[in-house]
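Numbering of the sequence shown is given in this note's numbering, commencing with residue 2 and proceeding in unit increments.
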Amino acid sequence: MSLPARGTPLRSDEWIERVRDANDIVEVIGQTVVLKRAGRNWVGVCPFHKEKSPSFSVNSERQFYHCFGCKAGGDVFRFVMETEKIGFVEAAEMLSRRAGIAIPERRPGERGQRTAALEALEAAAVAYEQWLADPERGGAARAYLEQRGITRETQRAFRLGLAPTGWTPLIDRLRDRISEEALLEAGLVAKREQRSGVYDRFRDRLMVPLLAPGGTVVGFGGRTLGEDGPKYLNSPETSIYHKGQFLYGFDVARRPAEAAGEFVLVEGYFDVIALHQAGVTHAIASSGTALTADQARAMKRVVSRVALTFDGDDAGREAMLRSLDVLMAEGLEVAILPLAAGQDPDTFVREHGSDGWGRLRAAGLDPVEFIQRHEESAGGV
C-alpha cells in the first residue's frame, strides 16, 4: 500500500498508531544500545546512567523498556524523547521519518496548541509518577496499591502516579515551563468560579494515565484516596481526549490481542491492570462509560472476537447486555464470561490467578446462552 503524500488528511491518532507499529522498540533501541536476548526480553547496559552489569531490559511483546537500576522506562516514543532530549511531537516525527511515513500537516495554530497540551499531559504524568515514588507524599497511595496486589513493576509499566492534596501542586510544579492555557487545553486544571485563576483538577487521587496508541498521554483517570468527591474522576472531553473513542489499555493490548485472536473487554482501569499483571495482556476497558460504536470499530480493526466480562452484579450484567448489542451490531463475535455476585475481573484474577482465568474463558457463553440465563434469573421465562 502506498504512503499518503504529505498533507493528506490523517487523524493524529491514526498517524501515531502507524508510526508505533512501524518502529519496533527492540530495533530502535538496538541502534544505540547493544542488546542480547534473555528469555522473552532483551537486556543491555542502560544508556541513562553509568553501570557495569546490564540492568536495562526491553520487552518486545509489550513494546516497553525498563531499567532496574535508575528506574527509567517507557515506550519507543519515550526512549527517543529521553535520548534525543526532545518533546513528544518531535520524537513522533523523527520515528515517522525513520519509517518512511508522511507527517500530516495541521491547520495554522493547531499544531502549536496541540503540542503544548500534549507536553503538559506528559509533564503531568512525570510529576504524578514522582509524587507516587516520594517517600512521604506517596506512602498512602503505595500502600493502597500494595493492598490491591499491584507490583512496583506493574505500577511503572502503567505509569501510575499520585495527585497530592492541595489546590495548586501541579500548577506550581509546572509553572516555569507549561502555560496556564496549555494546562486548560489538556484538562489538567479548571477555572475558579468566584475569582480569577485556576486550580488543579485532580487532588488527592491515585492517577492512571490514559495512553493512546504509541504511549501518548491524552488524559487521566483519578481514583480518590479520601472521602471527598466522586470515587473516580476522569479528564474532561478535550481536543485530544474523546472518551467515546478511547479504550484503556489498547496501546499495550493490541499486539497480544492479534496473537490471541480476541480482546478481553472489562469495565475499569484496575480490572485491566490486574489482568495484565496475571498475563492476560489482551485486556482493555471501556473505562466505566457505555460502550460506543467507535470503540467497537476500533476493536474490529484488530480482531474479530471479543470476550466480555463485567462486574458480577445486576448493573454489570445489564451493562454487558448493552455492550453485547453494540459489539454484535458492528459484526464482532462475542463470548460472555459471567462472574459470580460480588466479583469483578480484578478480584477474580487476584483470587484465582491465570489458571482460574483460563477456566473462566473456556466456560464462556455464547450470546444466546447468556441472554437466556439472564432472562431466567430475572424471571423473564
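Backbone N, C-alpha and C define an ideal beta-carbon position, used for all residues, glycine too. Remember, it's a predicted structure, so these values are computed and weren't measured experimentally.
Helix, strand or coil: which one does DSSP assign to residue i?
| i | result |
| --- | --- |
| THR225 | strand |
| VAL304 | coil |
| GLU334 | strand |
| TYR66 | strand |
| TYR233 | strand |
| TYR249 | strand |
| ALA363 | helix |
| PHE311 | coil |
| LEU266 | strand |
| LEU207 | strand |
| ILE274 | helix |
| VAL190 | strand |
| ARG41 | coil |
| VAL242 | Note on residue identity: the sequence assigns Tyr, not Val, to residue 242. Residue state, collapsed to three classes: coil. |
| VAL59 | strand |
| ALA286 | strand |
| VAL34 | coil |
| SER54 | coil |
| PRO5 | Annotation note: pLDDT 33 at PRO5 (below 50); position unreliable, coordinate value reported separately. It is coil, neither helix nor strand. |
| PHE49 | coil |
| GLN296 | helix |
| GLY280 | coil |
Once you ignore the five residues that flank residue i on each side, which residues in its own chain have a CB closer than 6 Å to its CB?
| i | result |
| --- | --- |
| ARG41 | none |
| ALA364 | none |
Give every residue of the same chain whose Cβ lies closer than 8 Å to the Cβ of residue i, excluding the five residues on either side of it in the sequence, and list them in chain order.
| i | result |
| --- | --- |
| GLY223 | ALA164, PHE203, ARG206, LEU207, MET208, VAL209, TYR233, LEU234, ASN235 |
| PRO231 | THR225 |
| MET2 | Confidence at MET2 is low in this model, with a pLDDT of 28, below 50, so the placement of that residue is unreliable and no value is reported for it. |
| ARG298 | GLU331 |
| VAL190 | LEU171, ILE172, GLU181, LEU184, VAL199, TYR200, ASP201, ARG202 |
Within a Cβ cutoff of 7 Å, which residues of the same chain sit near residue i, ignoring the five residues on either side of it in sequence?
| i | result |
| --- | --- |
| GLU370 | none |
| GLY20 | The residue asked about is misnamed: residue 20 is Val in this sequence, not Gly. Closer than 7 Å at Cβ, skipping near neighbours: ALA93, LEU96, SER97, ALA100, ILE102, GLY215. |
| ALA254 | PHE264, THR282, HIS283, ALA284, ILE285 |
| TYR270 | VAL209, GLY222, TYR249, ALA286, SER288 |
| PRO237 | GLY188 |
| ILE17 | ALA93, ALA213, PRO214, GLY215, THR217 |
| ARG79 | GLY216 |
| LEU4 | Bear in mind that the predicted position of LEU4 carries a pLDDT of just 34, short of 50, making it too unreliable to give a figure here. |
Is there a Cβ of chain B sitting closer than 7 Å to that of residue i, yes or no?
| i | result |
| --- | --- |
| LYS53 | No chain B is present in this structure, which holds just one protein chain. |
Would you list the one or two residues that DSSP bridges to residue i?
| i | result |
| --- | --- |
| PRO214 | In DSSP, PRO214 forms no bridge with anything. |
| TYR200 | ALA191 |
| VAL220 | The residue you asked about is not Val; residue 220 is Gly in the sequence shown. In DSSP, GLY220 forms a bridge with LEU211. |
Checklist entry - Are the stretch 273-284 and the stretch 312-330 in contact at 8 Å, needing three or more beta carbon pairs? => result In the pairwise beta carbon analysis, the stretch 273-284 is classified as not touching the stretch 312-330: fewer than three pairs are separated by under 8 Å.
Checklist entry - In the stretch 71-108, which residue ranges form an unbroken alpha helix (DSSP H) of at least 4 residues, counting only runs that do not cross its ends? => result Within the stretch 71-108, the runs of alpha helix (DSSP H) at least 4 residues long that lie entirely inside it are, in chain order, 77-85, 89-100.
Next on the checklist: Could you tell me which whole alpha helix (DSSP H) segments of length 4 or greater appear in the stretch 134-182?
Outcome noted: As far as the stretch 134-182 is concerned, its whole alpha helix (DSSP H) runs of at least 4 residues are 140-148, 153-158, 170-175.
Next on the checklist: Three or more C-beta pairs under 8 Å: does that hold for the stretch 301-308 against the stretch 347-358?
Outcome noted: No contact exists between the stretch 301-308 and the stretch 347-358.
Checklist entry - Does the count of Cβ pairs from the stretch 40-60 and the stretch 122-142 closer than 8 Å reach three? => result In the pairwise beta carbon analysis, the stretch 40-60 is classified as not touching the stretch 122-142: fewer than three pairs are separated by under 8 Å.
Checklist entry - Do the stretch 61-80 and the stretch 20-30 meet, that is, are 3 or more Cβ pairs less than 8 Å apart? => result Yes, since at least three Cβ pairs between the stretch 61-80 and the stretch 20-30 fall closer than 8 Å, the two stretches touch.
Item to check | Cβ contact check for the stretch 171-189 and the stretch 118-125: 3 or more pairs under 8 Å | outcome: Counting Cβ pairs under 8 Å, three or more are found: they touch.
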